[in-house]
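Note sheet for the following structure.
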Amino acid sequence: MKQGPVSIPQYLEQLGTNRTSPMRAFAEEFLEMHRTSLAPFSKKWVANPFNQWSRQWEYPFCHEAINKYAATQEHPIRVLDAGSGITFFPFYLSESDPVNHITCCDLDPALATSFSTITENGNRKVGFINRNLADTGLQDHSIDAIYCISVLEHISAREDILQEFHRLLRPGGLLAITFDISLDGLGDISPEELPLMIKALRKLFAPDDSGSLEALENGKHLLERDIVSTQYIANRHPALLPWRYPLLSSIKSALLKRRIPSSRIKQLTFSSHTFRAKP
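The sequence shown begins at 4 in our numbering and counts up one residue at a time.
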């Protein structure tokens, strides 16, 4: 799948194919089977994460990246879900034969009970640790692949977390990462802040697609009118937005930035990339 921000035609093609049908069906079945265990987290976010504007691209992107990487390895891989929350995705990914174990890491202690309940009757390939992403407590080079889906933009200690990712990954290990970009500057990563995060990534990791990263770094991709954004989704597929009260969410973000909101919703796009850990 394409790296960098996604164009509207690419997004619609992804939604219009049957490639993600098994993942969608698994997500719905997982929600139905574990609705009670998932309820506390669902109240904070959304009931079914797959039915969310960016995740319909981000989950398949990470799934494809990890399975392609795993196919090149001589042994089943160990994976870290960084900032996991609790969703269907690690359980879906764990059904891939090349995956040995997935460690989900999140700072929310309430998730431990939910994970324990879900895994006690079967899936032993998924585990949970209640740790800070900057200090996971895992051994050096004990992880083959890390995926981090729309997490780093919400955390200020990004460089510390990237250092921890590098410590955990064996040399050449995979980092699949996605993040939101605030087009109006009211979110956590503005176009002006983006080069700083990319610089921190480049210091420790080699991009698989340097061209898409460079275009993002110099702002070229963000000037394209056909990239998928929350404004486009609000106009065409509003049910895919995660905010129950979009205007209140936009006003809250604006107040935190001491700005006046320019629209009724937060203006976001997202970008997806893969890297390899430098020695």
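Cβ coordinates follow ideal geometry from the N, Cα and C atoms, glycine included.
Since we're looking at a predicted model, the values are computed, not measured.
Q.
Could you compute how far the alpha carbon of Gly175 sits from the alpha carbon of Asp111?
A. Their Cα atoms are separated by approximately 30 Å.
Q. Going by C-alpha distance, which of Gly86, Glu35, Thr233, Tyr62 is nearest Phe53?
A. Minimum Cα distance to Phe53 is reached at Tyr62.
Q) Could you give the distance in angstroms between the alpha-carbon of Leu18 and the alpha-carbon of Thr120? A) Taking the straight line from one Cα to the other gives about 32 Å.
Q: Excluding the 5 residues preceding and the 5 following Thr90 in the sequence, name in chain order all residues of the same chain whose CB lies nearer than 6 Å to its CB.
A: Pro52, listed in sequence order.
Q: May I ask which residues mark the beginning and end of the beta strand (DSSP E) holding Met180?
A: First, the residue type needs correcting, since residue 180 is Ile and not Met in the sequence shown. Per DSSP, Ile180 belongs to the beta strand (DSSP E) from 172-185.
Q. Counting Cβ pairs, one atom from each stretch, are 3 or more of them under 8 Å apart for the region 266-279 and the region 74-87?
A. Between the region 266-279 and the region 74-87 there are fewer than three C-beta pairs closer than 8 Å, too few to call the two in contact.
Q. Three-state secondary structure (DSSP) at His78?
A. In the structure shown, His78 sits in coil (DSSP, three-state: anything other than H, G, I, E or B).
Q) Which of the three DSSP states, helix, strand or coil, is assigned to Thr272? A) The DSSP-derived three-state label of Thr272 is strand.
**Q.** First through last residue of the beta strand (DSSP E) which encompasses Phe131
**A.** Counting along the chain, the unbroken beta strand (DSSP E) around Phe131 starts and ends at 129-133.
Q) From Ile207 to Leu225, what does the alpha carbon distance come to, in whole angstroms? A) This sequence places Leu at residue 207; Ile is not what is there. Leu207 and Leu225: Cα-Cα distance of roughly 25 Å.
Q) Do the region 141-151 and the region 167-182 meet, that is, are 3 or more Cβ pairs less than 8 Å apart? A) With contact defined as three or more Cβ pairs closer than 8 Å, the region 141-151 and the region 167-182 are in contact.
Q: Grab me the residues of Trp48's own chain with a C-beta within less than 8 Å of its C-beta, minus the 5 sequence neighbours each way, in chain order.
A: Only Gly88, Pro245 meet the Cβ criterion.
Q) How about Ser99 and Asn70: are their beta carbons less than 7 Å apart? A) Against a cut-off of 7 Å, the Cβ pair of Asn70 and Ser99 comes out as a contact.
**Q.** Asn103, DSSP secondary structure in three states
**A.** In the structure shown, the three-state DSSP call for Asn103 is strand.
Q: Find the nearest neighbour of Arg134 within the set Pro241, Asp109, Ile268, judged by alpha-carbon distance.
A: Taking only the C-alpha atoms, the option nearest Arg134 is Asp109.
Q) CB-CB under 6 Å to Lys169, same chain, minus the five flanking residues each way: which ones, in chain order? A) Here residue 169 is His; the residue named in the question, Lys, does not match the sequence. Spatial neighbours of His169 in its own chain (CB-CB distance under 6 Å, excluding positions within 5 residues in sequence) are listed in chain order as Leu207, Ala280.
**Q.** Cα-Cα separation between Pro8 and Ile230, rounded to whole angstroms
**A.** When rounded, the distance between both Cα atoms is 7 Å.
Q) CB-CB under 8 Å to His240, same chain, minus the five flanking residues each way: which ones, in chain order? A) If the five residues before and after His240 are omitted, its C-beta is found closer than 8 Å to the C-beta atoms of Trp56, all from its own chain and listed in chain order.
Q | Of the residues Gln142, Pro25, Asp191, Arg22, the one placed nearest Ser153, counting alpha carbons only | A | When only C-alpha atoms are compared, the closest one is Asp191.
Q: Output the distance between the C-alpha atoms of Glu67 and Asn21, rounded to the nearest integer angstrom.
A: Cα to Cα, the separation comes out at about 15 Å.
Q.
What would DSSP say about Ala50, mapped onto helix, strand or coil?
A. Coil.
Q) Should Arg228 be labelled buried (16 or more other beta-carbon atoms within 10 Å of its own) or exposed? A) With fewer than 16 other Cβ atoms within 10 Å, it is exposed.
(Q) Considering only the alpha carbon of each residue, which of Thr106, Gln234, Pro194 lies closest to Ala218? (A) Nearest C-alpha to Ala218: Pro194.
Q | Whether Thr233 touches Leu199 by CB criterion (7 Å) | A | No, Cβ-Cβ distance for Thr233 and Leu199 is not below 7 Å.
Q) Can you give the beta carbon distance from Ser40 to Ser145, rounded, assuming they're within the 8 Å contact cut? A) Incorrect: roughly 28 Å between the Cβ atoms, too far for contact.
Q: For Leu204, collect the residues of the same chain with a Cβ closer than 7 Å to its Cβ; drop the 5 residues on either side in sequence, then sort them by chain order.
A: The answer, listed in chain order, is Leu165, Phe278.
Q: Classify Glu35 as buried or exposed, calling it buried when 16 or more other Cβ atoms lie within 10 Å of its own Cβ.
A: With fewer than 16 other Cβ atoms from the protein chains shown falling within 10 Å of its own Cβ, Glu35 counts as exposed.
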